Structure formats: structure tokens, C-alpha cells
Ligand SMILES: [Zn+2]
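Residue numbers (this note's numbering): 862 to 1051.
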């Protein structure tokens, strides 16, 4: 009986590791404010994209191969960064729950020239999403997923330079955002 139990456990472990790139699948929990029903439809697609990408072998491979710049990587190696992200332990929550927690609030900038697609602040888990971009037809669920991933890495403790620079794309937030776009496209999402 004991032997059977051990074999069963082993079988479970093997099948689990084949199903997921990480030890434990990460899920997504989203709270929204000022999202219309149409906004929520796009968000539902984006969540599906993000969840699939985050748990894919392709995401892990792309992240491990990415050349992050040293200034923004908190002294972490690529596998450290990957493992940390997969814990879902946001700085303000601290709990390893394997959940990407989102508190999204739709806003519209008063500045008509604003190019900000989303932003957050260190003292809150809230992420503000700019409706001007979000509601564009050309702004696909993949774009939403990449933007969510970028903002969420800030919640996980990563930063980048404020202004555009040669190295900013190689910060963790911009890097992960571009990896999400690339892998989503690889997996057939539009
Ligand atoms: Zn950012």
C-alpha cells in the first residue's frame, strides 16, 4: 500500500512538471474600477493571454535568455527574476500565493498629448489604465496583457528610468512587457 502511494505521488509530480513551466501555476485575480462592460470583455481576453503566457515554457525560456541591464535587476539572475515573479508575492502583500493581484482603475488624462498607457505608485497595489489607449480598437488584448505585466512587475519591486533611454527597454518591467507580447504572438494570440 505504501509503495502504491509513493508511485502515485511520483506520477502526480511528473505529470505536474510536464504541464507547467513553473513548479506551481500562477493565476490572476483582478479587481476593476470604472471599467465598462466593453472594457471588461477586452480585459477577460487579456487575462487569458497573460495567464497562458506566464505559465508557458516559452515565457520561461524567453525570460531566461533576456539580457536585463544590471542597473534595474536588483542584483538578481534571470532565474531569480523568473522564480520571484512566479511567486506572485507583491511587495505590499508579501504573501507567496502564486496569484498576480490586480486592482485596475480606468482613467483619462487631462493632458491630450499624454503617452502614458498606465502607471502605478509604490504605496498602492492600484494600477491606473489610460482609457485613451485601452479603448482603441488597435489596442489588442495582447497589448493589454503586456501593459498589465509591465505595471505588475513594479508591484513585484522592479523599476526603470523615468525617461526613455537606450537601456530602459532592458529593465525588468519593459523586458517582461516585450516578452509577453512576443510569446503571446508565438502562441497565436492577436
Ligand atoms: Zn513602468
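Cβ atoms here follow ideal geometry from the backbone N, Cα and C, with glycine treated the same way. Here the structure is a predicted model, which means the values were calculated and not measured.
Simplified DSSP state of residue 1011, which is helix, strand or coil: helix
Strand pairing of residue 1043, partner residues [DSSP]: Partner(s): none; residue 1043 has no beta bridge.
N-terminal and C-terminal residue of the alpha helix (DSSP H) that residue 995 is part of: 992-995
Residue environment, residue 1046, which counts as buried when at least 16 other CB atoms sit within 10 Å: exposed
Bounding residues of the alpha helix (DSSP H) (the contiguous stretch that carries residue 884): Residue 884 -> no alpha helix (DSSP H), and no H or E assigned at all.
Residue from 991, 998 and 917 with nearest C-alpha to residue 1008: Of the listed residues, the one whose Cα sits closest to residue 1008 is 991.
Exposure label - residue 894; buried when at least 16 CB within 10 Å: By the 10 Å Cβ count, residue 894 comes out exposed.
CB contact flag (residue 923, residue 1040, <7 Å): yes
contact_flag[the region 999-1013, the region 1022-1037] where n(CB pairs < 8 Å) is 3 or more: Short answer: they touch.
The region 929-938 / the region 995-1003 touching (three or more Cβ pairs under 8 Å): no
Contacts around residue 940, its chain only, beta-carbon distance under 8 Å, and the 5 residues preceding and following it disregarded: 925
Contacting residues, own chain, Cβ-Cβ under 6 Å from residue 883 (five flanking each side not counted): 947
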